[in-house]
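Residues 1 to 278 in the numbering used here are what the sequence shown lists, from first letter to last. Structure, as structure tokens:
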Amino acid sequence: MYSEKNIMNSILDIKSISKSFSKGRKINGNEKQQVLINKLNLTVERGKVTTLIGGNGTGKTTLFNLISGFLDADEGNIIFKNSKKTTLTGMPSHKIEQLGIGRLFQDNHIFPELTVFENMIIAYKDDFGELPLEVLFKARKSKKTEKQREEKAKQILEMLFGKKNEFWQKRNHLAKNMSYGQQRLLGLARLFMSNYKLVLLDEPTAGVNIKLNDTIGEIIKKMVLENDITVFLIEHNMRFVKQISDTCAFINNGEIEISGTPEEVIANENVRKSYLGT
Ligand SMILES: Nc1ncnc2c1ncn2[C@@H]1O[C@H](COP(=O)(O)OP(=O)(O)OP(=O)(O)O)[C@@H](O)[C@H]1O
Ligand SMILES: [Mg+2]
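The structure is reproduced here in structure tokens:
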């Protein structure tokens, strides 16, 4: 299915992973199980953008939860290849993050009661595994690290949004007072604070004004081309998928039914019938 070259260049190998959920009610003493992900295989190529597409409730976010350790798989292996190979399956989420895997959640996971700048600062690399508010407290206490963090946050905001960007201008405003789209951009900007090697973006353009799609596309490009970050994302907007993806994978009935270039996958009859409805 995948060429030898792709296997050699992969950063993440998902091997025959399965996950079932209990449907709640017990029937004849046995709990009914829904097999959501069924022996799924997928390879994420290093230095590229891989997009996972599929219908609502087909297990896309669940797959991200399995990769980032928020859920345990029933069977199978997930292997992350950074400086060495590490089996992620069974590892707690903060350890997986420490290895260099970051995530943008489907619902915004920024801190609404903190300022724009505080949201950036608590995402700093050295702070893996610590509680966000402890990090902020420490940053305020130590002048030297505070300066480093601030400098890094400033540089990232300038790199992404230009010299006189509104995030810098509004750095002392509470994050909750920004629009949903701006909060989404802030969530993406925070991922640059941590030197991640792989980021999982769960529907980065969802609920965002279409005008911001280009900005989000540019940010993803900067991740891959200028910052050595591999991007694995979930997305429903097919125009966006075509614009940014190197590889596209279609999840259906618990497995990857087809993967290839976005054009190949979108042209596939099964994808058209069962997902795109065209
Ligand atoms: N922790 C859980 N316990 C029980 N059921 C769950 C759990 N997590 C997800 N599910 C169920 O698994 C199914 C798939 O959910 P998931 O969030 O992975 O879908 P998705 O492909 O991301 O959908 P969408 O495109 O709507 O975001 C849903 O029916 C959901 O209710
Ligand atoms: Mg989802």
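All C-beta atoms, glycine included, are put in the ideal place defined by N, C-alpha and C. Everything numeric in this text was worked out from a predicted model, so none of it was measured.
Residue i Cβ short of 6 Å to ligand 2 heavy atom set
{"i": "Thr61", "result": "yes"}
{"i": "Gln106", "result": "yes"}
CA-to-CA distance, residue j to residue i, given in whole angstroms
{"i": "Ile234", "j": "Tyr275", "result": "14 Å"}
{"i": "Asp72", "j": "Thr89", "result": "7 Å"}
{"i": "Gln148", "j": "Tyr124", "result": "10 Å"}
{"i": "Leu63", "j": "His94", "result": "17 Å"}
{"i": "Ala175", "j": "Glu255", "result": "38 Å"}
{"i": "Ala310", "j": "His236", "result": "This structure leaves residue 310 out entirely; the chain is present only between 1 and 278."}
{"i": "Asn253", "j": "Leu160", "result": "38 Å"}
{"i": "Glu158", "j": "Lys152", "result": "10 Å"}
Residue from the options whose Cα sits closest to the Cα of residue i
{"i": "Ile220", "options": "Leu63, Glu150, Phe192", "result": "Phe192"}
{"i": "Asn41", "options": "Leu12, Asn56, Thr61, Ser68", "result": "Leu12"}
{"i": "Leu200", "options": "Val231, Leu185, Thr86", "result": "Val231"}
{"i": "Thr247", "options": "Ile53, Pro112, Arg184", "result": "Ile53"}
{"i": "Lys60", "options": "Ile37, Val241, Lys242, Lys48", "result": "Ile37"}
{"i": "Leu186", "options": "Asn9, Lys154, Leu225", "result": "Lys154"}
{"i": "Ser83", "options": "Ser179, Ala249, Leu198, Lys23", "result": "Leu198"}
{"i": "Gly57", "options": "Phe21, Pro112, Gly100", "result": "Phe21"}
{"i": "Glu118", "options": "Leu99, Asp74, Lys164, Trp168", "result": "Trp168"}
{"i": "Leu99", "options": "Val35, Ile216, Ser194, Thr51", "result": "Ser194"}
{"i": "Ile338", "options": "Gln243, Ile78, Gln106", "result": "No statement about residue 338 is possible, as the shown extent of the chain runs from 1 to 278 and does not include it."}
Any non-hydrogen atom of ligand 1 within 6 Å of residue i CB
{"i": "Gly57", "result": "yes"}
{"i": "Leu201", "result": "no"}
{"i": "Ala80", "result": "Note on identity: in this sequence residue 80 is Phe, with Ala being the wrong assignment. Flag unset: Cβ of Phe80 not near ligand 1."}
{"i": "Phe21", "result": "yes"}
{"i": "Leu40", "result": "no"}
{"i": "Leu52", "result": "no"}
{"i": "Leu36", "result": "yes"}
Cross-strand partners of residue i (DSSP beta bridge)
{"i": "Ser10", "result": "Glu45"}
{"i": "Gln33", "result": "Ser22"}
Contact test: residue i Cβ vs ligand 3 heavy atom, cutoff 6 Å
{"i": "Leu201", "result": "With respect to ligand 3, the structure shown offers nothing to examine, as its ligands consist of ligand 1 and ligand 2."}
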